[in-house]
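Q: Structure in structure tokens, see below.
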Amino acid sequence: SDLSSLGDLRGKRVLVRSDLNVPLEGDADQQRITDDGRIRASVPTIRSLAEAGARVVVTAHLGRPKGAPEQRYSLAPVSERLGELLGADVAFATDTVGESARSTVAGLEDGEVALLENVRFNAGETSKDDAERREFAERLAGLADAFVSDGFGVVHRKQASVYDVAQLLPHAMGDLVATEIDVLRRLTDTPERPYVVVLGGSKVSDKLGVIDNLLGKADKLLIGGGMVFTFLAAQGHEVGRSLLEQDQLDTCREYLARAAESGVEILLPGDIVVDTTFPTGEATPQPRVVAATAIPADCLGLDIGPASAADFAAALSGARTVFWNGPMGVFEVAEFSDGTRAVAQALTEVEGLSVVGGGDSAAAVRTLGFDESAFGHISTGGGASLEYLEGKTLPGIDVLED
Ligand code: 3PG
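So for the sequence shown, the UniProt record's numbering puts the first residue at 2; every next one is plus one.
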């Protein structure tokens, strides 16, 4: 493990950047964690540092607060859950680099763990101004003797706690980041064929780079989720009230044309589960299955239909390498979860490497009750795994290798 490069950690204050950005529900002052996968994935590195005698100072973000404290983005509930999973007390600092952080860190004994309040409560964290970011990173670095980068989900962000702080302290890559990179490298270097990619989620615009890159690499591209309606519209179909990114129509047309030329099969759903009322408040969903080529004007597409789910499962059945990012529908609502469930089920049956990438798809497989061990790898990174597959440089990795 790269952690050994930091030498004897006994008594050292080690700042660990984890990705503890978990989904929450409930009122601002009574939030409940709906999927703790990222916290659990962060435990091994934190535990091994504590066991090595370090004074572990964890820093992380939650949501996208605008550089100032906001109750609903407090890491307090995460701190509690982290303590339960570690089986040890976690000292929670109510600020990130202020008085509370300093005294909390000063109070740590060897082998103890502290969590700092949401790092994005500080404008310096996400600032585009290098000097401002650097100044904040210096305050973070002042709390520690060494830095461990273990938040894979944020390594694509050039932010103070991910990037700048690594330039200020002796640093190492955490085991979670190392594992994630290993698996993703297997997808990009020499994937076993057939290589099938399933993309979903709401927006095409989030997936442009990855589609672009995969058109030269994957054998089949299965598309579902909200983004599919822009593809259907690009083919000239009516999509009713479904999500539609007007400004991406040309891009989708170009992708379809390029796929046809290069022999990559793009599979779009033939049927769609729609509703007219969703998401208007309390109304009970009235799901209906319609042809993807004839979505009625008053309908909103919310999942791929049963025939498409079967087609997707069949396309996945012979695959030797699969990457899946993005749910097929609004899986949080039972009536619109079947498409996502069918894809997840098909992935569990893949003989070869199956990778679930992305906060939402990872949360989906867990909330739908799948056993995580049935998948080859469930990535903790959404945007990060996509950018890796796009072939982009990840600032949080780059800075460690320099
Ligand atoms: C994620 O949820 O993908 C990571 O935690 C990164 O969050 P961000 O997109 O707000 O930077």
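C-beta atoms are modelled at their ideal positions from N, C-alpha and C, and glycine is treated no differently.
1. Buried or exposed for G330, going by 16 or more other Cβ atoms inside 10 Å?
2. Which partner residues does Y196 have in the DSSP bridge list?
3. Verify the contact flag: R140, CB atom, against every heavy atom of the ligand 3PG, threshold strictly below 7 Å.
4. Three-state secondary structure (DSSP) at T60?
5. To the nearest whole angstrom, what separates the beta carbons of L216 and V155, a pair I think is in contact under 8 Å?
6. Rounded to whole angstroms, how far is the Cβ of D151 from the Cβ of L177, which I believe are closer than 8 Å?
7. Might you give, ordered along the chain, the residues of its own chain that have their beta carbon closer than 7 Å to the beta carbon of D30, omitting 5 neighbours on each side?
8. Does the distance from the C-beta atom of P24 to that of A364 stay below 8 Å?
9. Pick from V229, S162, I267: whose alpha carbon is nearest that of V15?
10. Give the DSSP bridge partners of H157, in chain order.
11. What's the gap between the Cα of L87 and the Cα of R48?
12. Roughly how many whole angstroms lie between the Cα atoms of S6 and A53?
13. Between which residues of its own chain and G353 is the CB-CB distance below 7 Å, once the five residues before and five after are set aside?
14. Taking just the CA atoms, how far does H238 sit from A77?
15. What is the DSSP secondary structure of A304, counted as helix, strand or coil?
16. For Y256 and C300, what's the separation of their Cα atoms in angstroms?
17. Does the distance from the C-beta atom of A51 to that of V114 stay below 8 Å?
18. Roughly how many whole angstroms lie between the Cα atoms of A142 and D372?
19. What residues in its chain sit with their C-beta under 6 Å from that of G306, if we drop five residues either side in the sequence?
20. Please work out which residues of its chain come closer than 8 Å, Cβ to Cβ, to A69, disregarding the five sequence neighbours upstream and downstream, and give them in chain order.
21. Using a Cβ-Cβ cut-off of 7 Å (strictly less than) and excluding sequence neighbours within five positions of A145, which residues of its own chain qualify?
22. What residues are listed by DSSP as bridge partners for K221?
23. Does DSSP put R18 in a helix, in a strand, or in coil?
24. Let's test the definition: count the other Cβ atoms within 10 Å of the Cβ of S318 and tell me whether it reaches 16, buried, or not, exposed.
25. In this structure, how does DSSP classify F230 when only helix, strand and coil are distinguished?
26. When DSSP labels each residue in this structure, what does S150 get in the three-state scheme?
27. Are the CB atoms of T349 and L369 nearer to each other than 8 Å?
28. Quick check on DSSP: helix, strand or coil for G384?
29. Please report how far the alpha carbon of S2 lies from the alpha carbon of G175, in whole angstroms.
30. With distances taken between CB atoms, is the gap from F313 to L188 smaller than 8 Å?
31. Between the Cα of E402 and the Cα atoms of A179, S104, P45, G27, which residue gives the shortest distance?
32. Would you list the one or two residues that DSSP bridges to S355?
33. Any residues whose CB sits closer than 6 Å to a heavy atom of the ligand 3PG? List them in chain order?
34. Tell me which same chain residues have a C-beta within less than 7 Å of the C-beta of T46, skipping the five on either side of it?
35. Can you tell me whether DSSP reads R65 as helix, strand or coil?
36. Going by the CB atoms, is the gap between L185 and S386 shorter than 8 Å?
A: By the coordinates alone:
1. Translated into the one-based positions of the sequence shown, residue 330 becomes position 329. By the 10 Å Cβ count, G330 comes out buried.
2. For the purposes of this step, residue 196 is identified with residue 195 of the sequence shown, where counting begins at 1. Y196 pairs with T322.
3. By one-based count along the sequence shown, residue 140 stands at place 139. Every heavy atom of the ligand 3PG is 7 Å or more from the Cβ of R140, so no.
4. The residue labelled residue 60 in the question sits at position 59 within the sequence shown. Residue state, collapsed to three classes: strand.
5. Counting from 1 along the sequence shown, the entry for residue 216 is found at position 215. Counting from 1 along the sequence shown, the entry for residue 155 is found at position 154. Actually they are not in contact, since the Cβ atoms of L216 and V155 sit about 27 Å apart, beyond 8 Å.
6. Locating residue 151 in the sequence shown gives position 150, counting from the first residue. Locating residue 177 in the sequence shown gives position 176, counting from the first residue. D151 to L177, Cβ: 5 Å. Contact.
7. Stepping through the sequence shown from its first residue, residue 30 is reached at position 29. The answer, listed in chain order, is Q72.
8. Within the sequence shown, the letter at position 23 stands for residue 24. Within the sequence shown, the letter at position 363 stands for residue 364. Taking 8 Å as the Cβ cut-off, P24 and A364 qualify as a contacting pair.
9. Counting from 1 along the sequence shown, the entry for residue 15 is found at position 14. Checked all of V229, S162, I267; the closest Cα to V15 is S162.
10. Here residue 157 corresponds to residue number 156 of the sequence shown, with the count starting at 1. Looking at the DSSP assignment, H157 forms no beta bridge with any residue, so it has no partner.
11. The residue given as residue 87 occupies position 86 in the sequence shown. The residue given as residue 48 occupies position 47 in the sequence shown. C-alpha separation (whole angstroms): 7 Å.
12. Along the sequence shown, one-based indexing puts residue 6 at 5. Along the sequence shown, one-based indexing puts residue 53 at 52. In a straight line, the C-alpha of S6 is about 13 Å away from that of A53.
13. By one-based count along the sequence shown, residue 353 stands at place 352. Excluding positions up to five away in sequence, the list reads E193, A320, R321, T322.
14. Taking the sequence shown and counting its residues from 1, one reaches residue 77 at position 76. Taking the sequence shown and counting its residues from 1, one reaches residue 238 at position 237. One alpha carbon belongs to A77, the other to H238, and they sit about 47 Å apart.
15. Locating residue 304 in the sequence shown gives position 303, counting from the first residue. The residue you asked about is not Ala; residue 304 is Asp in the sequence shown. The answer is strand: DSSP assigns D304 an E or B state.
16. Position 255 of the sequence shown, counting from 1, holds the residue named residue 256. Position 299 of the sequence shown, counting from 1, holds the residue named residue 300. A direct Cα-to-Cα measurement between Y256 and C300 gives close to 26 Å.
17. Start at 1 with the first residue of the sequence shown, and residue 51 comes out as number 50. Start at 1 with the first residue of the sequence shown, and residue 114 comes out as number 113. Yes, these two residues count as a Cβ contact at 8 Å.
18. Here the question's residue 142 lines up with position 141 in the sequence shown. Here the question's residue 372 lines up with position 371 in the sequence shown. When rounded, the distance between both Cα atoms is 39 Å.
19. On the sequence shown, residue 306 is found 305 positions in, with the first residue counted as 1. Spatial neighbours of G306 in its own chain (CB-CB distance under 6 Å, excluding positions within 5 residues in sequence) are listed in chain order as D272, I273, V274, V290.
20. As a first step, residue 69 must be located in the sequence shown, where it is residue number 68. Same-chain partners within the cutoff: F122, A124.
21. The residue you call residue 145 lines up with position 144 of the sequence shown. Excluding residues within five positions, the ones whose Cβ falls inside 7 Å are R14, V15, L16, V58, L170.
22. Here residue 221 refers to the residue found at position 220 of the sequence shown. Within the DSSP bridge table, the entry for K221 names V197, E266 as partners.
23. The residue given as residue 18 occupies position 17 in the sequence shown. In the structure shown, R18 sits in a strand (DSSP, three-state: E or B).
24. Here residue 318 refers to the residue found at position 317 of the sequence shown. Exposed is the call here.
25. As a first step, residue 230 must be located in the sequence shown, where it is residue number 229. Note: F230 maps to helix in three-state DSSP.
26. Along the sequence shown, one-based indexing puts residue 150 at 149. Three-state DSSP puts S150 in a strand.
27. Here the question's residue 349 lines up with position 348 in the sequence shown. Here the question's residue 369 lines up with position 368 in the sequence shown. For T349 and L369, no; Cβs fall outside 8 Å.
28. Within the sequence shown, numbered from 1, the residue matching residue 384 stands at position 383. Residue state, collapsed to three classes: helix.
29. In the sequence shown, the residue the question calls residue 2 occupies position 1. In the sequence shown, the residue the question calls residue 175 occupies position 174. Straight-line Cα distance between these residues: approximately 8 Å.
30. Reading the sequence shown from its first residue, position 312 is the one you call residue 313. Reading the sequence shown from its first residue, position 187 is the one you call residue 188. Cβ distance not < 8 Å, so F313 and L188 don't count as in contact.
31. By one-based count along the sequence shown, residue 402 stands at place 401. The option with the nearest alpha carbon to E402 is A179.
32. Taking the sequence shown and counting its residues from 1, the one referred to as residue 355 is at position 354. Under DSSP, S355 shares a beta bridge with V323.
33. D20, N22, R65, G154, V155, R158, G360, G383, G384
34. What you label residue 46 is simply residue 45 of the sequence shown in a count that begins at 1. For T46, where only same-chain residues beyond five positions count, the Cβ hits under 7 Å are V17, V149, D151, G175, D176, L177.
35. Here the question's residue 65 lines up with position 64 in the sequence shown. Coil.
36. Counting from 1 along the sequence shown, the entry for residue 386 is found at position 385. Counting from 1 along the sequence shown, the entry for residue 185 is found at position 184. Yes, Cβ-Cβ distance for S386 and L185 is below 8 Å.
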